[in-house]
Amino acid sequence: MSEERSLNFIEEIVEEDIRNGKNGGRVHTRFPPEPNGYLHIGHAKSICLNFGLALKYNGKTNLRFDDTNPETEETEYVESIKEDVKWLGFNWDNELYASNYFDQLYEFATNLIKKGLAYVDDSSPDEIAAQKGTPTEPGTPSPYRERSIEENLSLFAEMREGKYPDGAKVLRAKIDLASPNMHMRDPIMYRIRHAKHHRTGNKWCIYPMYDFAHGQSDSIEGITHSICTLEFIPHRALYDWFIDQLEIFPSRQYEFARLNMTYTVMSKRKLLQLVNEGFVTGWDDPRMPTISGLRRRGFTPASIRDFCDRIGVAKRENIIDVSLLEFCVREDLNKTAWRRMAVLDPIKLVITNYEGEGELLHGENNPEVEGGEGSRDIPFSKELWIEREDFMENPPKKFFRLGPGLMVRLKHAYIVKCEDFVKDEQGNIIEVRCTYIPESKSGQDTSGINVKGTIHWVSVPHAATAEVRVYDRLFRSEDPAGEDRDFKELINPESLQIIPKVFMEPDLATAQPGRGYQFIRKGYFTLDKDSTTENLVFNRTVTLKDTWAKEVKKG
RNA sequence: UGCCCGAUAGUAUAAAGGUAGUACAACUGAUUUUGGUUCAGUUUGUCUAGGUUCGAAUCCUGGUCGGGCAACCA
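When we follow the numbering used here, the leftmost residue of the first sequence carries the number 2, and every step to the right adds one.
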């Protein structure tokens, strides 16, 4: 039933390559995270693209950690990345590390030295920066640029042996100091870092730079389509140059525009700041755009995959409306979440003419599915909690809820009519008094009465309680990273609202972790990892679409 | 002032010289025991100026605007 979809520009390239028999029609991609932070929704776009291509064209995808900078990388990040990729629903063909190739990379570097295409430079970082010139002026040669091959070879070996301190020397490619592409002006290939690496330990004290690791790793793995983001476009010339000079498998690099989303920051650096400076509780704070944050918030893998599918892949800078993500998760949860009732901001409703102990009513788990996926019992009694906002002393014309003399249906129960209400000394409504229509019982209504509104409720004596965490967008600005101010000043102070005691139907006391629940009329919720059997904690994933709220706003 | 990308409704994304379409958002209305869902519909677009062509979002030229490029980060 899949409707014909047009190809994105990368799929077009891949199909063109297959048609031409390039690489024997083989398609091999890779997802290459640096293990220096947690994955976010922007990475999900790249993951879906890379793994999606392999799935679509019967190819393979490697998970390769780009771990060439021991100072920022940690095993914790490796583990979280693996968990997130798996959770999104993808299986990699090989788990690999750029650090696997350190020996090979060292050989490659030596080869270039032997060809007179690389040299050891003793210049300081400042001197090298100065030697690069500016975009409009050519660079100038380092005084060490013309060292002999033999000298370079032995110096480079000494660098590896640990004879020099950090920063004393680097290995540079000898390319073109006048190139209009700054990246071709004798880029650094290796630097000295006496740092322990999370995988190779203290074996190395020289580490390759991105440009001398990424393309070579692609090539070693036989990657056919190396897909990265737009900022690497100027690196492509270098990527190709190294492959040409080394005469190794010609992987090809293609660039697409990274994902940006409204009301969100997406750089790992900024997300790290939010974590380190305590603006959020961690990488998996449900307000974070990280995969782990979204998971904890209650987003489903299917909804994120669907989102990535809908946003498309192109080369133009973009900023996706976060409401699309919300739409995707609502669409998925609407079909899968079990319906339950919970009252977040309670007032009491007393049914004055209801006699007896109460009764057990029934509600199907999921009205979107044939058969409702079974049902649960809902205890009903004379005293109920209802939502404060479902009663108004002086309701406007189109208010289909409770008010003096107004009737509503209690979901899965009876129609009630408001007869009276009670206020406290401050004038707050604390109780609504109603009569019910005994013949209006849900499913066997013979009353003939039609009411416009239905509200949710929870029986007072039977109610379970839980903490509910209500989230709003983390930033007040549509483009927090794009404004002049520090993005942290734009944090929404109301991004988290904790409701310590919410009344809910007792069935929710046995809610299952990882399952989505729709609290009828209030939104989608899921159990938080802080939840215990004694103290339930729910996160609000997303609200329901609320056309009434819009109506109210308009006045 | 150099080089490199890019420009289609509010936001994204199609149309490979031949009817500018789709999704989200917004707005109407119908249905509804969730003001949810579903359904029907409406509004809104090819950066600009020339050129090629029977015909241009698409090809060519100039301009405008936006973004990127000078980490021992990736």
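For every residue, glycine included, the Cβ atom is placed at its ideal position computed from N, Cα and C.
It should be emphasised that the depicted structure is a prediction, and the values quoted were computed from it without experimental measurement.
- request: Check Lys555 in the structure and name its three-state DSSP category.
  value: Note: Lys555 maps to helix in three-state DSSP.
query: Quick one, are the C-beta atoms of Asp480 and Ile320 less than 8 Å apart?
result: Cβ atoms of Asp480 and Ile320: closer than 8 Å.
Bridge partners - Arg31, DSSP secondary structure assignment: DSSP lists Asn63 as partners of Arg31.
message: Between which residues of its own chain and Arg237 is the CB-CB distance below 7 Å, once the five residues before and five after are set aside?
response: Within the same chain, Arg237 has close Cβ partners Gln254.
- prompt: In terms of residues, what are the limits of the beta strand (DSSP E) holding Phe257?
  reply: Counting along the chain, the unbroken beta strand (DSSP E) around Phe257 starts and ends at Arg253 to Phe257.
- request: Label Phe10 either buried or exposed according to how many other C-beta atoms from any shown protein chain fall within 10 Å of its C-beta, with 16 as the threshold for buried.
  value: That one is exposed.
- prompt: Between Gly449 and Phe400, what straight-line distance do the alpha-carbon atoms span, to the nearest angstrom?
  reply: Between the alpha carbons of Gly449 and Phe400 lies a distance of about 21 Å.
message: Assuming Trp242 is part of the alpha helix (DSSP H), what are its boundary residues?
response: Unbroken alpha helix (DSSP H) run through Trp242: Arg237 to Leu247.
message: Can you check which of these residues, Glu77, Val276, Met393 and Ala414, is closest to Glu365 by C-alpha distance?
response: It is Ala414.
field: Rounded straight-line distance, which links the Cα of Val330 to that of Lys336
entry: Approximately 10 Å between the Cα atoms of the pair.
- prompt: In terms of residues, what are the limits of the beta strand (DSSP E) holding Ser227?
  reply: It spans His226 to Thr230 - the beta strand (DSSP E) in which Ser227 sits, taken as one unbroken run.
- prompt: Sorted by chain position, which residues of the same chain lie with C-beta nearer than 7 Å to Thr62's C-beta, five sequence neighbours on each side aside?
  reply: Spatial neighbours of Thr62 in its own chain (CB-CB distance under 7 Å, excluding positions within 5 residues in sequence) are listed in chain order as Thr30, Arg31, Phe32, Asn51, Phe52, Ala55, Trp93 and Asp94.
Contact under 8 Å by Cβ, Phe328 with Thr542: The Cβ-Cβ distance between Phe328 and Thr542 does not fall below 8 Å.
field: Nonlocal neighbours in the same chain, by C-beta distance under 8 Å from Tyr98, ignoring five residues either side
entry: Contacts found: Arg65, Phe66, Asp68 and Arg200.
- prompt: Just how far apart, CA to CA, sit Met2 and Val266?
  reply: Only weak support exists for where Met2 lies, its pLDDT of 32 falling under 50; the value from the coordinates is given anyway. Computed Cα separation, rounded: 37 Å.
task: List the whole-angstrom C-beta distance separating Asp122 from Ile129, where the pair is believed to meet the contact cut-off of C-beta under 8 Å.
output: A Cβ-Cβ separation of about 7 Å places Asp122 in contact with Ile129 under the 8 Å criterion.
query: What are the start and end residues of each continuous beta strand (DSSP E) run of 3 or more residues lying completely inside the stretch 410 to 485, in chain order?
result: Secondary structure within the stretch 410 to 485: the beta strand (DSSP E) runs of 3 or more consecutive residues, fully enclosed, are 416 to 424, 430 to 437, 458 to 460 and 465 to 472 (chain order).
- prompt: Just reading off the alpha helix (DSSP H) that Glu126 is part of, what are its end residues?
  reply: One point to set straight first is that residue 126 is Pro, not Glu, in the sequence displayed. Note, Pro126: alpha helix (DSSP H), Pro126 to Gln132.
field: Glu108: first and last residue of the uninterrupted alpha helix (DSSP H) it sits in
entry: Bounds of the alpha helix (DSSP H) holding Glu108 are Phe103 to Lys115.
- request: Just the C-alpha distance for Glu4 and Glu278, rounded to the nearest angstrom, thanks.
  value: Caution applies to Glu4, whose pLDDT of 44 falls short of 50 and renders its modelled position unreliable; the value that the coordinates give is listed next. Going by the C-alpha atoms only, they are around 47 Å apart.
field: Beta bridge counterpart(s) of Met505 as assigned by DSSP
entry: BP columns for Met505 point to Ala343 and Ala465.
query: With distances taken from CA atoms, which of Thr436, Ile431 and Lys204 is nearest Trp386?
result: Cα-wise, what sits closest to Trp386 is Ile431.
task: From the DSSP output, in three-state form, read off Phe400 for me.
output: Look at Phe400 here: in three-state DSSP terms it is coil, with no helix or strand label.
- request: Below 8 Å on the Cβ atoms is my guess for Ile492 versus Glu468; work out the distance and round it to an integer in Å.
  value: Incorrect: roughly 22 Å between the Cβ atoms, too far for contact.
field: Proximity to Thr111 [Cα-Cα], best of Phe91, His195, Glu96 and Arg161
entry: Thr111 has its Cα closest to that of Arg161, out of Phe91, His195, Glu96 and Arg161.
- prompt: What number of angstroms, rounded off, separates the C-alpha of Trp88 from the C-alpha of Pro302?
  reply: The C-alpha of Pro302 is placed about 7 Å away from the C-alpha of Trp88.
message: Tell me the residue span of the alpha helix (DSSP H) that contains Ile521.
response: Unbroken run through Ile521: none, as it is neither H nor E.
- request: Excluding the 5 residues preceding and the 5 following Asp531 in the sequence, name in chain order all residues of the same chain whose CB lies nearer than 8 Å to its CB.
  value: These residues qualify, in order along the chain: Val538.
field: DSSP-derived helix/strand/coil call for Asn95
entry: Three-state result, Asn95: strand.
- request: For Arg192, I'd like the list of residues in its chain whose CB is within less than 6 Å of its CB, leaving aside the five on either flank, ordered along the chain.
  value: Correct list, in chain order: Val171.
query: How about Val503 and Thr466: do their beta carbons lie closer than 8 Å?
result: Yes, these two residues count as a Cβ contact at 8 Å.
task: Could you tell me which residues DSSP puts in a beta bridge with Gly589?
output: This structure leaves residue 589 out entirely; the chain is present only between 2 and 556.
- prompt: For Gly372, is the classification buried or exposed, using 16 other Cβ atoms within 10 angstroms of its Cβ as the cut-off for buried?
  reply: Answer is exposed; the Cβ neighbour count stays below 16.
Residue interval of the alpha helix (DSSP H) (run including Thr301): From DSSP, Thr301 is part of no alpha helix (DSSP H); its letter is neither H nor E.
- request: Take Leu8 and list the residues in its own chain whose beta-carbon comes closer than 8 Å to its own, dropping the five residues that flank it on each side.
  value: Contacts found: Glu16.
Backbone CA spacing between Ala343 and Arg434 [nearest angstrom]: Between Ala343 and Arg434, the C-alpha separation is close to 20 Å.
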